[in-house]
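Protein chains in written order, with the working numbering: chain A, 1 to 242; chain B, 1001 to 1242; chain C, 2001 to 2242; chain D, 3001 to 3278; chain E, 4001 to 4278; chain F, 5001 to 5278. In this text, a Cβ means the ideal position worked out from N, Cα and C, and glycines have one as well.
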């Protein structure tokens, strides 16, 4: 739709100079917190997310125990200063939904059946929000789980594609999300070819959907490489096949 | 008191054409939900109430167990679209009070001592409110308990009488409640002659109270008949003495 | 700072006629409630506080049990009519902080290790607030603990000193607190010379602090005497050395 | 969810039997007659920061009621009337079984019964509480604090509310040209316009026996009770049956008669104490 | 905190194996075909006090949707548009495992998926819902009450929402000279301006099998599911993967195709029933 | 209800004895001197969407502070002053014993001590934060997020708050003829008017020994602690005793002197880092 008089794409370039299929600068580090069993800081451009993992450990409340696997607990939370207008610190309906969506994006890869009767707790803090926070959260949580030494079948990486001024674009930022026609966050375990998160907010034709999904895969592959590099740098002795 | 310029009773007839001692059209059905152990839909005119019963079952929280009887849990709740102005879905103080009043209207007839250490849960949803919702709730809950096969000493039936423009009237609707001088909901276990709910909101002289109570009894008898017919229709084999 | 055009101290006397180092009229009584194991009513001028103690008793929730001592639970609460503008009955952030501060003012003197796996519950209701409510609360709670027969190393007594119009004053009331430069509540176990509560809200030079603390000690000694007299009057047989 | 309460004050069967057999002879465990109300003491104006207040003892039950007046906005359907808000808190000081927290169903029921009694009997003349027609009215906050629970909280709260309202003064106000309203609490204003006195009288039922003003020991034995709000004209200004038991038709005339007579007595007591202690 | 749910409807391994082997033959335990939706029944205008409503059954799943219109204030960035609010409540009547309380993550997710589908497809023409430009607009409250849970709550809710919106009438209003707006609910006004119909179609995945409109027994076996919001133009107006499992790329075209075809079917069904039952 | 906490980091009696005997020789388990503060690192302007921010490490304790400025309404008794709001959240990332939820008594106490220190010392010149006299002022939100807890959260939070405030820029605004205020965040405005720097210095007491800036292991052994808010003029701008133990009179002068000296040191450190990293 595009706000009246606002053009987000000119001469094939986006408002911040990126090409249609270009990611923002991606940066990642792990082990950024001392107390957590695993932690990571992930930046997609100005979007900054910290993830911390505690566990496997005894659950705080016994009633949630499962006899045959670990429960995964996940909280997606935005710091009150992370948004343009100050956000109330209490969990919004959006944060409650995304806590579930992010948890379900990680469940398929965690070998939770190795740790019955325990809890694996994932705490995500969005400290600066500029679009793509849920997919950056999945990426950060995946790294924090690896940093905590929790066995996984694969890493998960996420990115949002969008439709802006009629064009499909990779890694939408907040401005594009706000004034674009569609926003489609995707997360995958790339080596397994598993789609673990898929949402669409907006309208796409079936053909556009197919193309958008291909674009997402391309971004996810790139982010996945950075994830593996990041872990390799930290754990020199870890075998990661290139 | 009556709102200025508003006459609710003219030539012995009420604003909707009813006589002073006339009930609204009463309709009842049971077994309206699949999952609940018992359920009922009751309509007093435009007032519509659904009641569901689960139990006797293991209580959700152990601390409320009683060693010598079932606990009865009851929630009276109004759907947010049931009222003229949209109602917030959170429980109001009025709903908290009425949950207690309705529970205490049913406690005397349920043979709760047959099911120690269990819970009998009654969930009441007012889906359209046009006066008399608490008494319709008692009637619906009583039917849902019967539909759940929970042994009772008697059915309970309820109706509100009121004082409107100086006249005592049976089965007050919302307009009469709002602009009338008094509203007195009554519920009874008619065969046992037990009064299980009695409230008065408004002012009556002792004589008026006596007459109002007689009027309520008359309405309750009629509603009680419909209750029994409703159950008889559903459970042909059930012995109900006419 | 002092509000423009408002002088709180003239000719060495305060707005209510008190001298700089003069307490308001102090009154105390114990055993004011029947159900509580111990209770007290304390008044510092127009500030009125009721404290009730239940315990040592089995805690309401088991998870808070300590194996080697009693837990002390403390709630400081202001009645909704206690303040100039009606206060919401829900606990404010200020009340949550002061519940902790008051508890920690009493912890050092209670012989909690005599009652492992129990709870000693202190409920404080400020029923009229005119400054010094937290220190009057400590005094009242100390008396209620004694009234409940809970062994203590010493009584605790509290008072606030302040800086008003540049003068240090004893036992600040609300007007002085609101328009003065500093408010410093202090509580002590005087015989043990232990400081169990110390806060400063405002700015003092190190010298002023020293003098203010001396002034507080003076007030505390006087309040401590009233505490002991109050208990002696009630328990004639109790040995209190004068 | 309203849930069958566990009996807080368990009384052995033997004791229950003894008490019922006493009641058969017209005797109560506390020595009172079946229609005898406990002694009432009232200290009015107990809370300097309230606009009206009363500390009330009904036997050992102790209730503190404070009234605050604030400037508020009228509801659109009553543009010239003040608003009444009644709130009750069962303080954790009052009983070993009360925990801090928001009012439970018992506290909410109590406050709503008191509220309806005042509202429906038109005890307060709300039409005299408009400040600027359609825009500014007095909000009357009645806050009931139960300090010590020895039974029959509702009648004690009703007495406290009546006494506090009787001692309430409207603050002096000045409406400035700008429309701003300034409250001057430096001296007391006119009394709150009360047009009628009401009192709650609660009759408990144990077995087939009816008793007035049950104390906490008796409450633990009650099958049910009926609270009757009585106004000074001898009318019934409210009813509330509570408890897991029932009443039978034949009991109603007796209950109403006792309540009307006792209610009159209570209203007179409160009026005398509040006026007398002036 | 979102937490791995315990499986509420535990199904023995043997039964799971049997069902998967049935699915291998294209059979479902309930006798439906893999792409067969349960029968839909709709009673519209079920709630007299709502401005639009529908009681919907999708098989034995039962959902009641009410629409209320209230006068509200526009957001500053959309001064000439009405506001849409969607809320879902999983009533404790609906399932032995639902307890009363505020909406949990499942109810919130459901309401947000329905909300996004309506909002993003521009199903409601919000620009026709301004009353006074920049100052007063219609607030549209859609309240979804799940009464009986037999699986696939989201598709049932989507059908109920569509039917309720189709039957919604804008109340007649009068803007007075004073600027006050008076609502006249005495007779029904114009229909709510709907510009497009949308429907949710949920496809569940069990092992390698895909099934449409899973019932509650099948839901207990699902690895994951994808809800596709379909609009009447054949576009995709929303997607939501849920469940602890995954999808694989190759499944997407199949899912989308089934959803587009079934979505069209559902929209037609709703339109026929709502129009027909006029 | 404030409740005696269970000691989260239980340390065996033997270890306690060893540590106390070390302290007797002026040694701390972490190798620091008794009056030595852990190294401070600060990254300012860490949060692009905040108007001021700082990521602070005090040893391994890590705190992120963000400042947001919003247009608000003044309180009626300070019509020409901005408003300060300080909020602290102990994130569940920070410690195995922190659970998500609203701030507990420790977080509330911390934020209120920080708030009072800034407010009472007049560190921020609130009188320069009126936009339209009596009608519009700046609201200053200081949000403290504890990310990693290795002891002495309050001093770390105080450093973070000071650094974040020092780096805060007032957004540029334009007051339109209509009275509407438009915020232009496209370029940074003037610095927030800070008139004074304050810092919290916390001294812990173990047995008879006093230590500055206790880490989490030492905190588990503390009898009590005194936080002293020190301003740059060498005055005391706040005090807060906490913990279940006591102080004795004779300790006060020592504590105050250490705090004043260390506070000056901390303020200089922060100022140098924030200025230097410009």
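query                                                                                                                       : result
Per DSSP, cross-strand counterpart(s) of residue 1188 of chain B                                                            : B:1157 and B:1195
Test: residue 4109 of chain E CB closer than 8 Å to a CB of chain A                                                         : yes
Residues in the stretch 5231-5251 of chain F having any Cβ partner in chain C nearer than 9 Å                               : 5231, 5233, 5234, 5235, 5236, 5237, 5238, 5239, 5240, 5241, 5242, 5243, 5244, 5245, 5246, 5247, 5248, 5249, 5250 and 5251
Separation of residue 2090 of chain C from residue 3238 of chain D, as counted between CA atoms                             : 29 Å
From F:5096, F:5108, F:5160 and F:5201, residue whose alpha carbon lies closest to that of residue 2097 of chain C          : F:5108
Coil, strand or helix - residue 3196 of chain D by DSSP                                                                     : coil
8 Å CB neighbourhood of residue 2225 of chain C in its chain, flanking five on each side removed                            : none
DSSP state of residue 2248 of chain C mapped onto helix, strand, coil                                                       : Examination of residue 2248 of chain C is not possible in this model, given that chain C is present from 2001 through 2242 alone.
Beta bridge counterpart(s) of residue 5184 of chain F as assigned by DSSP                                                   : F:5172
Through-space distance from residue 201 of chain A to residue 4116 of chain E, alpha-carbon basis                           : 7 Å
CB-CB length for residue 2227 of chain C against residue 2028 of chain C, believed under 8 Å                                : 7 Å
Contacting residues, own chain, Cβ-Cβ under 6 Å from residue 4129 of chain E (five flanking each side not counted)          : 4082, 4137 and 4138
Boundaries (first-last residue) of the beta strand (DSSP E) holding residue 121 of chain A                                  : 119-128
Proximal residues to residue 1076 of chain B (C-beta, below 6 Å), its chain only, five neighbours per side dropped          : 1095, 1098, 1099, 1102, 1124 and 1137
Residue 1203 of chain B - DSSP class collapsed to helix/strand/coil                                                         : coil
Contact with chain D by residue 1126 of chain B, beta-carbon distance below 8 Å                                             : no
Segment contact, 8 Å Cβ cut-off, at least three pairs: the stretch 4225-4245 of chain E with the stretch 198-212 of chain A : yes
8 Å Cβ cutoff, residue 2142 of chain C in contact with chain D                                                              : no
Chain E residues whose Cβ lies nearer than 9 Å to that of residue 1100 of chain B                                           : What residue 1100 of chain B touches in chain E: nothing, since even the nearest Cβ is about 14 Å away.
As assigned by DSSP and simplified to three states, the class of residue 4288 of chain E                                    : In the structure as shown, chain E begins at 4001 and stops at 4278. Residue 4288 of chain E is therefore absent and cannot be evaluated.
Same chain, Cβ closer than 7 Å to residue 208 of chain A, neighbours up to 5 away in sequence not counted                   : 163 and 168
Option in A:45, A:51 and A:44 with minimal Cα separation from residue 37 of chain A                                         : A:51
For residue 3039 of chain D, the residue or residues it bridges with in DSSP                                                : Bridge partners of residue 3039 of chain D: none, in fact.
Stretch pair the stretch 149-156 of chain A + the stretch 4078-4096 of chain E: three plus CB contacts closer than 8 Å      : no
Endpoints, the beta strand (DSSP E) within which residue 3225 of chain D is located                                         : 3224-3231
Same chain only: Cβ atoms within 6 Å of residue 2082 of chain C, ignoring 5 sequence neighbours per side                    : 2126, 2127, 2128 and 2129
Proximal residues, the stretch 4251-4271 of chain E versus chain A, C-beta separation under 9 Å                             : 4251, 4252, 4253, 4256, 4257 and 4260
Min CB distance residue 1064 of chain B to chain I below 8 Å                                                                : The structure shown contains no chain I; its protein chains are A, B, C, D, E and F.
For residue 4090 of chain E, three-class secondary structure by DSSP                                                        : strand
Nearest candidate by alpha-carbon position, reference residue 1114 of chain B, set B:1016, B:1068, B:1092 and B:1020        : B:1068
Chain F contact for residue 89 of chain A (CB, 8 Å cutoff)                                                                  : yes
Coil, strand or helix - residue 1115 of chain B by DSSP                                                                     : coil
contact_flag[the stretch 3239-3256 of chain D, the stretch 3218-3225 of chain D] where n(CB pairs < 8 Å) is 3 or more       : yes
Continuous alpha helix (DSSP H) stretch holding residue 2104 of chain C: start and end                                      : 2093-2106
Residue 5038 of chain F and residue 5058 of chain F closer than 8 Å at C-beta                                               : yes
Cβ-based burial, residue 2030 of chain C [other Cβ within 10 Å; buried from 16]                                             : buried
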